[in-house]
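J.: Residue numbering for the sequence shown follows the working numbering, beginning at 12 and increasing consecutively. For every residue, glycine included, the Cβ atom is placed at its ideal position computed from N, Cα and C.
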Amino acid sequence: MGGSIRIPASCCGVVGLRPSPNTVPDERADPAGLSVICPIARTVADVRLIFSVVADTVSTSSSQSQHRIGVADSTALGIEDACADACRRAAAALDAAGHQMKRIEWESEAVAAGYGVVRRASMASFDADPQLFAPGIRNLVEQGRKLSALDYFKAFESATAAAQWTVIKPLLSDCDFLLTPTLGLVPMAIEAVPPFLSEPYGQYIQFVLPVSFAHTPAVSVPAGLHKGLPVGVQLVARAGREMDLLNLAEQLEAMPGFGFQRPPDFA
Numbered sequence: 012m013g014g015s016i017r018i019p020a021s022c023c024g025v026v027g028l029r030p031s032p033n034t035v036p037d038e039r040a041d042p043a044g045l046s047v048i049c050p051i052a053r054t055v056a057d058v059r060l061i062f063s064v065v066a067d068t069v070s071t072s073s074s075q076s077q078h079r080i081g082v083a084d085s086t087a088l089g090i091e092d093a094c095a096d097a098c099r100r101a102a103a104a105l106d107a108a109g110h111q112m113k114r115i116e117w118e119s120e121a122v123a124a125g126y127g128v129v130r131r132a133s134m135a136s137f138d139a140d141p142q143l144f145a146p147g148i149r150n151l152v153e154q155g156r157k158l159s160a161l162d163y164f165k166a167f168e169s170a171t172a173a174a175q176w177t178v179i180k181p182l183l184s185d186c187d188f189l190l191t192p193t194l195g196l197v198p199m200a201i202e203a204v205p206p207f208l209s210e211p212y213g214q215y216i217q218f219v220l221p222v223s224f225a226h227t228p229a230v231s232v233p234a235g236l237h238k239g240l241p242v243g244v245q246l247v248a249r250a251g252r253e254m255d256l257l258n259l260a261e262q263l264e265a266m267p268g269f270g271f272q273r274p275p276d277f278a
């Protein structure tokens, strides 16, 4: 819903694809239309293979040798240096390969604000006693049960509109793909993970969340290690262009400094 494929992929140094909604069959009901199913794997080739099976589609190669790629490596919320550096290295590598790079603006605050309401409402629908949850989750569930249908609708509408401005507008105007860091923060110790739906958490997921609300496909590609821990970059495409997206991701993956790297001292 809010990055549950790309976040772990980035933090674990592997590849994670978020496909367009309804590309992969799913028997679950998702009123928000934000949840999707797809693989996480060590390589783009493995992700492509699994996706081609679960989506019942055929892998195709792009006929365009050069792409226009919009790059967002800075935001008002701020990005940790290692994350921004990974994006800039990816942009430089793709530029050297002949692609046209264009800087774009990236705003996630309005999306995060709407998501906070939508997610609280979805958590409020949990068919369980809130007292069974940990205090933080229980508090969010209780907040969600106080929301009205109008609160939910306005939040979803505002988040979607903001995501369309940030993600869809450049993709439908002068960019074939977008490139961002996958996350705004580097992997941290479990006790240091920002509380769910807090402001620091919004900084953490500022690049994956607008893509979810834009309903566009995206893939996280490993972009090296920072102090022994993985950092990833995100490539985003127009709806339905998963195979073109994976072709570009595989090109980046093959460049020095990208793709799976075994962590130091990992047995």
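Any idea if L183 is buried or exposed, counting beta-carbon neighbours within 10 angstroms, 16 or more meaning buried?
T.: The sequence position of residue 183 within the sequence shown is 172, counting from 1. Classification for L183: exposed.
J.: With a threshold of 7 Å on Cβ separation, who are the neighbours of Q262 within its own chain once the five nearest residues in sequence on each side are excluded?
T.: For the purposes of this step, residue 262 is taken as the residue at position 251 of the sequence shown. Once the five neighbours on either side are set aside, the close Cβ partners of Q262 are A108.
J.: Which residues in the same chain have their Cβ closer than 8 Å to the Cβ of T367, if we skip the five residues on either side of it in sequence?
T.: The structure shown has nothing for residue 367, since the chain only spans 12 to 278.
J.: According to DSSP, what are the bridge partners of G81?
T.: The residue labelled residue 81 in the question sits at position 70 within the sequence shown. Beta-bridge pairing links G81 to K113 and L189.
J.: Ignore the nearest five residues each way along the sequence and tell me which others in R114's own chain have a CB closer than 7 Å to its CB.
T.: For this step, residue 114 is matched to residue 103 along the sequence shown. Hits under 7 Å: V82.
J.: Run through the DSSP bridge pairs and tell me what I201 is partnered with.
T.: For the purposes of this step, residue 201 is identified with residue 190 of the sequence shown, where counting begins at 1. Beta-bridge pairing links I201 to no other residue.
J.: Tell whether a beta-carbon distance below 7 Å holds between F218 and T191.
T.: In the sequence shown, the residue the question calls residue 218 occupies position 207. In the sequence shown, the residue the question calls residue 191 occupies position 180. A contact, by the Cβ cut-off of 7 Å.
J.: Do you know whose CA, among A121, D140, E253 and C23, lies nearest P241's CA?
T.: On the sequence shown, position 230 is the one that residue 241 refers to. When each option's Cα is compared against that of P241, the closest is C23.
J.: I'd like to know if the region 86-93 and the region 53-63 are in contact, where contact means that at least 3 CB-CB pairs between them fall below 8 Å.
T.: no
J.: Only counting the same chain, and skipping five residues up and downstream in sequence, which positions put a Cβ closer than 8 Å to that of G195?
T.: Locating residue 195 in the sequence shown gives position 184, where the first residue counts as 1. Here the set comprises T86, L88, G89, I90, E91, C94, Q214, Y215, I216, Q217 and F218.
J.: Can you find the residues in the same chain that come closer than 7 Å, C-beta to C-beta, to P50, ignoring five residues on each side of it along the sequence?
T.: By one-based count along the sequence shown, residue 50 stands at place 39. Excluding sequence neighbours, P50 sits near L28, V58, I61 and F62.
J.: Is it right to say L105 is buried, meaning 16 or more other beta carbons lie within 10 angstroms of its own, or is it exposed?
T.: Walking along the sequence shown from the start, residue 105 turns up at place 94. The residue in question, L105, is buried, as its Cβ has 16 or more Cβ neighbours within 10 Å.
J.: Can you find the residues in the same chain that come closer than 6 Å, C-beta to C-beta, to Q245, ignoring five residues on each side of it along the sequence?
T.: The count along the sequence shown starts at 1 and reaches residue 245 at position 234. Within the same chain, Q245 has close Cβ partners T191, T193, F218, A229 and S231.
J.: Thinking C-alpha only, which one of D276, D255, F164 and A52 is nearest L189?
T.: Walking along the sequence shown from the start, residue 189 turns up at place 178. The residue with the shortest Cα to Cα distance from L189 is D255.
J.: Would you please state the rounded distance, in angstroms, between the beta carbons of L208 and L151? I believe it to be under 8 Å.
T.: Locating residue 208 in the sequence shown gives position 197, where the first residue counts as 1. Locating residue 151 in the sequence shown gives position 140, where the first residue counts as 1. Right, the Cβ-Cβ distance comes to about 6 Å (below 8 Å), so this counts as a contact.
J.: Go through the region 13-39 residue by residue and report every complete run of the beta strand (DSSP E) that reaches 3 residues or more, in order.
T.: 26-29
J.: Between R149, Q77, T54 and V128, which has its C-alpha nearest F137's C-alpha?
T.: As a position in the sequence shown, residue 137 is number 126, starting the count at 1. When only C-alpha atoms are compared, the closest one is R149.
J.: Determine the extent of the alpha helix (DSSP H) in which S63 is found, giving its start and end residues.
T.: Here residue 63 refers to the residue found at position 52 of the sequence shown. Following the DSSP letters along the chain, one finds S63 inside the alpha helix (DSSP H) bounded by residues V55 to V65.
J.: Taking only three categories from DSSP, how would you classify V244?
T.: Counting from 1 along the sequence shown, the entry for residue 244 is found at position 233. Of the three classes helix, strand and coil, the one that applies to V244 here is strand, per DSSP.
J.: Nearest to V222 by alpha carbon, out of V122, G243 and E210?
T.: As a first step, residue 222 is located in the sequence shown; it is residue number 211 there, counting from the start. Of the candidates V122, G243 and E210, the one whose C-alpha sits nearest the C-alpha of V222 is V122.
J.: Please confirm whether A135 and G155 have their CB atoms less than 7 Å apart.
T.: In the sequence shown, residue 135 corresponds to position 124, counting from 1. In the sequence shown, residue 155 corresponds to position 144, counting from 1. Yes, the pair counts as a contact, with Cβ atoms nearer than the cut-off.
J.: Rounded C-beta distance between A52 and G235? I'm assuming under 8 Å.
T.: Mapped onto the sequence shown, residue 52 falls at position 41. Mapped onto the sequence shown, residue 235 falls at position 224. Not really, about 18 Å apart at Cβ, beyond 8 Å.
J.: Anyone know if the C-beta pair for R131 and Q111 falls short of 7 Å?
T.: Mapped onto the sequence shown, residue 131 falls at position 120. Mapped onto the sequence shown, residue 111 falls at position 100. Their beta carbons are not under 7 Å apart, which means R131 does not touch Q111 by this criterion.
J.: Just to confirm my understanding: we take A20, look at its own chain, exclude 5 residues before and 5 after, and list those with CB closer than 7 Å. What are they?
T.: Your numbering for residue 20 matches position 9 in the sequence shown. Once the five neighbours on either side are set aside, the close Cβ partners of A20 are V26, G27, I51, S231 and G243.
J.: Note down the Cα distance separating E210 from W176, rounded to an integer number of angstroms.
T.: For this step, residue 210 is matched to residue 199 along the sequence shown. For this step, residue 176 is matched to residue 165 along the sequence shown. Going from the Cα of E210 to the Cα of W176 covers about 21 Å.
J.: Mind checking whether G125 and S169 have CB atoms under 7 Å apart?
T.: Numbered from 1 along the sequence shown, position 114 holds the residue referred to as residue 125. Numbered from 1 along the sequence shown, position 158 holds the residue referred to as residue 169. Yes, the pair counts as a contact, with Cβ atoms nearer than the cut-off.
J.: Can you tell me which of the three DSSP states A87 falls into?
T.: In the sequence shown, residue 87 corresponds to position 76, counting from 1. Looking at A87 - three-state DSSP - the assignment turns out to be coil, as it is neither helix nor strand.
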